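Engineer:
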Amino acid sequence: MRSLQASPAGESSLKSSASDNQGTALVLRDISFRYDGGSRALDGIDVTVEAGTTLAIVGPSGAGKSTLLRVIAGLLEPQRGELFLSGAQLHGVPARERRVALVFQDDALFPTMSVRKNLQFALRRSNESGAVENIARALHVDVHLDRMPRDLSGGERQRVALARALLSEPHALLLDEPLAHLDPSLRARVRETLREMRAHFAGPIVYVTHDHAEAMMVSDVLGVLVGGRLEDIGSPQRVYDAPANVRAAAALGVPPMNLLHEVNRIIGIRPEHVRFVSEGALRGHVLRRELAGDVTLVTVQTERGVVVASARAVHEAPHPGDSVGLFFPEECVRCFDAASGAAIA
Ligand code: ADP
């Protein structure tokens, strides 16, 4: 059976041996899950997350990200496939015995307990002295130990939730949009904390988010989930630069890769690689021009479809109604098979 291996070395590799489920790796083999009466939320997920590796799964809302984490955590039993953690089969093992910690976007702490009590409550070995203080220090919440959760900022609460998850000594850590409700400066802080946390947690981490930039920042390995299928997996750079198929290309990037249909193939070019030129094989007129932080997005109607370009300098961005030529640098163009959508080497 074909399975994709996620490892810090980056690229996915084909693996077929039974040795997948050794060490502290998290192994998913051909996992499918369907809700009662619903359509298939996960369809044949094959992935190995090695110890020390953070796998980020990015995908649009409804892609199956939360379902995937719930299946790994044991809150849902898949109808098909196998799961291994640290070499042990997880099928039939109740969630509380799985040694898997799941942290949600606004993970509830016990509101009537101090931060210290919240953390002590999670301790696996309650006699271990100093564990709470050590983890609290690592996640920069030690100064808040005697405060109540309601007196913390969102970012501080999230770091306490992470500390609590680590104190349960999980073999795998699952993070479900952990930064979704934080403002940008707090997000940066918690991301930094996540990196530092690696010194205290050597197991596999699965991190799901709909935010592709965040996924690329936190991950050693990036997976793209669309409609319950893992459409691509590999190093974040490779997946972004050369997606395995049009579905992964369209799901990653804001705005996503432009896809232009030709007779037998589909041409892909990311907005930041499109250049404006006075002479160009492809001409069009500008429909919209939008400021998007440090870039200006320009939407151009061409005879081959709509193309979005992102211009670094605002003065380089043409205006609505302008007639422009577009140039796609050859090294930035990706080609996909028109029928299957698969990348053509
Ligand atoms: P994501 O986390 O990527 O937004 P989910 O895993 O929540 O996606 O959902 C995947 C699919 O399963 C969606 O089509 C969603 O509507 C459906 N789904 C999620 N939860 C339930 C449920 N409890 N019952 C039925 N369908 C569900």
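For the sequence shown, my numbering begins at 24 and goes up steadily by one.
Built from N, CA and C at the ideal position, the CB exists for glycine as well.
Predicted model only: the values in this text are computed from it and were never measured.
When DSSP labels each residue in this structure, what does L78 get in the three-state scheme?
Structural biologist: L78 sits in a strand when the DSSP states are folded into three classes.
Engineer: Using DSSP with H/G/I as helix, E/B as strand and the rest coil, what is I367?
Structural biologist: coil
Engineer: Look at the alpha carbon of T216 and the alpha carbon of L162, and state the distance between them as a whole number of angstroms.
Structural biologist: As the crow flies, the alpha-carbon of T216 is around 6 Å from that of L162.
Engineer: Does the separation of the CB atoms of A274 and V138 fall below 9 Å?
Structural biologist: Cβ distance not < 9 Å, so A274 and V138 don't count as in contact.
Engineer: Looking at S62 and the ligand ADP, is the gap between the Cβ and the nearest heavy atom below 8 Å?
Structural biologist: yes
Engineer: Go ahead and label T135 buried or exposed: buried means 16 or more other beta carbons lie within 10 angstroms of its beta carbon, across all protein chains shown.
Structural biologist: exposed
Engineer: Can you list, in chain order, the stretches of the beta strand (DSSP E) that have 3 or more residues and sit fully within the region 149 to 215?
Structural biologist: 195 to 199
Engineer: Once DSSP output is grouped into helix, strand and coil, what is the label at E105?
Structural biologist: strand
Engineer: Which value, in whole angstroms, describes the spacing of the CA atoms of D174 and A272?
Structural biologist: Spanning the two alpha carbons is a distance of roughly 43 Å.
Engineer: Just to confirm, is the Cβ distance from L245 to G257 under 9 Å?
Structural biologist: Between L245 and G257, the C-beta gap is smaller than 9 Å, which places the two residues in contact.
Engineer: Quick check on the burial criterion: 16 or more other C-beta atoms within 10 angstroms. Buried or exposed for I228?
Structural biologist: I228 should be labelled buried.
Engineer: If we ignore side chains and look at the alpha-carbon of each, how far apart do Q324 and P343 end up?
Structural biologist: 10 Å
Engineer: If you scan the region 224 to 312 from start to end, which runs of the beta strand (DSSP E) of 3 or more residues do you find wholly inside it?
Structural biologist: 228 to 232, 244 to 249, 252 to 257, 281 to 284, 288 to 292, 298 to 300, all fully within the region 224 to 312.
Engineer: Please name the residue, chosen from T77, V166, F351, G364, that lies closest to T232 on a Cα-to-Cα basis.
Structural biologist: Ranked by Cα distance from T232, the first of T77, V166, F351, G364 is T77.
Engineer: Name the residue from L197, S346, A368, E237 whose alpha carbon lies nearest to the alpha carbon of V356.
Structural biologist: Nearest neighbour of V356 by Cα position, chosen from L197, S346, A368, E237, turns out to be A368.
Engineer: Three or more beta-carbon pairs under 8 Å between the region 97 to 105 and the region 285 to 300, yes or no?
Structural biologist: no
Engineer: In the structure shown, what three-state DSSP assignment does A332 receive?
Structural biologist: strand
Engineer: In whole angstroms, what separates the C-alpha of F350 from that of S301?
Structural biologist: 10 Å
Engineer: In chain order, what residues of the same chain have a beta carbon less than 7 Å from the beta carbon of H167, not counting five sequence neighbours either side?
Structural biologist: V138, L175, E179
Engineer: Return helix, strand or coil for F56, following the three-state DSSP convention.
Structural biologist: Strand.
Engineer: Which residue wins for smallest C-alpha separation from V9, given the options S62, V50, V321, A124?
Structural biologist: This structure gives no information on residue 9, because the portion of the chain shown stretches from 24 to 368.
Engineer: Below 6 Å CB to CB, which residues in the same chain sit around E295 once its five sequence neighbours on both sides are set aside?
Structural biologist: S333, listed in sequence order.
Engineer: By how many angstroms is the C-alpha of Q143 removed from the C-alpha of M239?
Structural biologist: 33 Å
Engineer: For G85, verify whether its CB is less than 8 Å away from any heavy atom of the ligand PLP.
Structural biologist: In the structure on display, the ligand PLP does not appear, and the ligands it does have are the ligand ADP.
Engineer: Just to confirm, does G251 get its C-beta within under 8 Å of one of the non-hydrogen atoms of the ligand ADP?
Structural biologist: yes
Engineer: May I ask whether a heavy atom of the ligand ADP can be found less than 8 Å away from the beta carbon of G67?
Structural biologist: Distances taken from the Cβ of G67 to the heavy atoms of the ligand ADP include none shorter than 8 Å.
Engineer: I need the straight-line Cα distance from R5 to R212, nearest angstrom please.
Structural biologist: A query on residue 5 cannot be resolved here, the shown segment of the chain reaching from 24 to 368 and no further.
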